[in-house]
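The sequence shown begins at 48 in my numbering and counts up by one. For every residue, glycine included, the Cβ atom is placed at its ideal position computed from N, Cα and C. The model shown is predicted, which means the values in this text are computed figures rather than measured ones.
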Amino acid sequence: MLIAATSDIHSPMYYENFVRALDFFQAKPDLFLLAGDIVDRGNIEEYRKILNAFFGKISCPIIACFGNSEFGKETTDRIKEKYKEIIFLEDEAIEISVGDKKVGIVGSKGSLDRPTYWQSKNLPGIEEEYARRIEKVKKLILELKSDLKVFLVHYSPTYKILEGENINAYPELGSEEMEKALLEAKPNLVICGHAHKGRKQAWIDSIPLFNVGLMLNGKIVLIDTEKDLKYGLEKFL
48 MLIAATSDIH SPMYYENFVR ALDFFQAKPD LFLLAGDIVD RGNIEEYRKI
98 LNAFFGKISC PIIACFGNSE FGKETTDRIK EKYKEIIFLE DEAIEISVGD
148 KKVGIVGSKG SLDRPTYWQS KNLPGIEEEY ARRIEKVKKL ILELKSDLKV
198 FLVHYSPTYK ILEGENINAY PELGSEEMEK ALLEAKPNLV ICGHAHKGRK
248 QAWIDSIPLF NVGLMLNGKI VLIDTEKDLK YGLEKFL
């Protein structure tokens, strides 16, 4: 199974980079996942440009979670209502058939161990919301009965993939508490974004994690589930 993924297009900021990446992308994926911050600062009209870029090139289901640039329930509700070509998941799960396999996807903005200064000042109760989200995500993943269980999230669910960022900012970029939840829930694959200077891949124990940020990778990330999810020496067997 081939899964394509990207994030942090921040359209219109990196829209042209996204178009070029799609032009170079020759694979025919079974799923295309968007890990948040597809448009910049809640500019929802930019989603139409993103969909136009997909037209004629990507024919598989497109599933997305929201990022911190797509903030506020009013904004996310408008996006979901206007752009039904994309399946948006807000702390929700969906199961999709790909050939004879069932793929379960849990999508979430994710959590931070320490809210940013702006969040602390403008979003009352954000710490409690982050804590509740971790528990909900864990429950949703555990409830999946799919052949392949995918966690699609914007914020980094571990510090392991943040190397390259300011170490003092790690708690405002990701969550070790979410990592603990994933170690219990054990998805087969985690896809994230947000950290523009982080690593491209890491492992949470034996769980593969891909940071699919557009500018970090310089391309659309393609994951072959038959090859890229194997840990350590198992890859060579």
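The beta strand (DSSP E) enclosing residue i, as first and last residue numbers
i	result
ALA111	109-112
ASP70	Careful: ASP70 lies outside any beta strand (DSSP E), inside the alpha helix (DSSP H) at 62-71.
VAL150	148-155
Contacting residues, own chain, Cβ-Cβ under 7 angstroms from residue i (five flanking each side not counted)
i	result
ARG88	SER116
ARG180	ASP138, SER155 and SER158
LEU69	ALA100, LYS104 and ILE267
Limits of the unbroken alpha helix (DSSP H) element including residue i
i	result
SER167	164-169
VAL237	Unbroken run through VAL237 is the beta strand (DSSP E), 236-239; no alpha helix (DSSP H).
ASN90	Element bounds for ASN90: n/a, residue is neither H nor E.
VAL259	Premise fails: VAL259 is in no alpha helix (DSSP H) and is neither H nor E.
ALA52	Unbroken run through ALA52 is the beta strand (DSSP E), 49-53; no alpha helix (DSSP H).
ILE188	173-190
Proximal residues to residue i (C-beta, below 6 angstroms), its chain only, five neighbours per side dropped
i	result
ILE110	LEU80, ILE134 and ILE152
Coarse secondary structure for residue i, derived from DSSP in three states
i	result
THR122	helix
LEU80	strand
ASP271	strand
LYS196	strand
ILE208	coil
GLU137	coil
GLU142	strand
ALA232	helix
PHE283	No answer about PHE283 holds up, because its pLDDT of 36 lies below 50 and its placement is not dependable.
ILE97	helix
ILE251	strand
Cβ shell of residue i (< 8 angstroms), same chain only, five flanking positions each side left out
i	result
ASN90	SER58 and PRO59
ASP252	LEU230
LEU280	Confidence at LEU280 is low in this model, with a pLDDT of 40, below 50, so the placement of that residue should be treated as unreliable; the coordinate-derived value is given next. Cβ within range, chain order: n/a, list empty.
Assumed close pair residue i, residue j - CB separation to whole angstroms, cut-off 8 angstroms
i	j	result
GLY260	HIS243	6 angstroms
THR53	ILE270	Actually they do not touch by this definition, with Cβ atoms about 11 angstroms apart.
LYS233	SER193	In fact, because the Cβ distance is near 13 angstroms, the residues do not count as touching under 8 angstroms.
GLU226	PRO255	About 14 angstroms separates the two Cβ atoms, so there is no contact after all.
VAL200	ASN235	That pair is no contact at about 14 angstroms.
Any contact between the region 158-174 and the region 123-142? By contact I mean 3 or more CB pairs, one from each, below 8 angstroms. By the Cβ criterion, the region 158-174 is not in contact with the region 123-142, since fewer than three pairs of Cβ atoms, one from each stretch, lie closer than 8 angstroms.
How do the region 116-129 and the region 182-197 stand: do at least 3 beta-carbon pairs fall below 8 angstroms, yes or no? no
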